[in-house]
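The block underneath contains the structure these notes are about, expressed in structure tokens.
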Amino acid sequence: MPASAPTLSPEQLDELQSLLKDWLRLSGRTQSDLRRALRAGSIRMPVLMAELHRTWSHQGAAGLAERLCAIEAGWLSEEAGAGADPAADDGLLEDSMGQLDLLLQEIRLDGGA
């Protein structure tokens, strides 16, 4: 790891937290679901944010976006495996994936600055 690991500004952390809350709400998930997916020690938002910040520090913006996308994909496969009708969730999936696409785009823009 480089001597100077990338870090998120307080504003970026606030934006990420807001995005996470919206994402969880739109996907019908809870902080507990996110805790399990991240294998974090607590459902408290500061603990979840610290885990995501570690991902950012080690893998950068792309790594963070990939991790969130992998979590989303895992959740969708769980739902599909539980007998959910994928056609009924198309709108929700598009909204949720749209949020992740916006996050990735914003991270890429911020990373280039």
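Taking the numbering used here, the leading residue of the sequence shown gets 1, the next gets one more, and so forth. Glycine included, C-beta positions come from ideal geometry on N, C-alpha and C.
Going by the CB atoms, is the gap between MET45 and GLN17 shorter than 8 Å?
-> Contact flag set, yes.
Local conformation of LEU19 per DSSP, three classes = Correct three-state label for LEU19: helix.
Going by C-alpha distance, which of SER77, SER9, LEU26 and LEU52 is nearest ALA65?
-> Nearest option by C-alpha distance: LEU52.
So, is LEU109 buried or exposed, given that buried needs 16 or more other C-beta atoms within 10 angstroms?
-> Classification for LEU109: exposed.
Using only alpha-carbon positions, find the residue among LEU104, GLY81, ILE71 and ILE107 that is nearest to ARG36.
-> Nearest of LEU104, GLY81, ILE71 and ILE107 to ARG36, Cα basis: ILE71.
Pairwise C-alpha distance: LEU34 and SER42 | Whole-angstrom Cα-Cα distance: 10 Å.
How big is the Cα-Cα spacing for VAL47 and GLY74?
-> Whole-angstrom Cα-Cα distance: 21 Å.
Exposed unless 16 or more other CB atoms sit within 10 angstroms - verdict on ALA61 = Residue environment for ALA61: buried (at least 16 other C-beta atoms within 10 angstroms of its C-beta).
Cβ distance (whole Å) where THR55 is taken to contact ARG67 below 8 Å | About 5 Å separates the Cβ atoms of THR55 and ARG67, confirming a contact at the 8 Å cut-off.
Got a sec? Which residues, its chain only, sit under 7 Å from LEU104 by beta carbon, not counting five neighbours each side?
-> By the criterion of a C-beta distance shorter than 7 Å, LEU104 is surrounded in its chain by ALA65, once the five residues flanking it on both sides are discounted.
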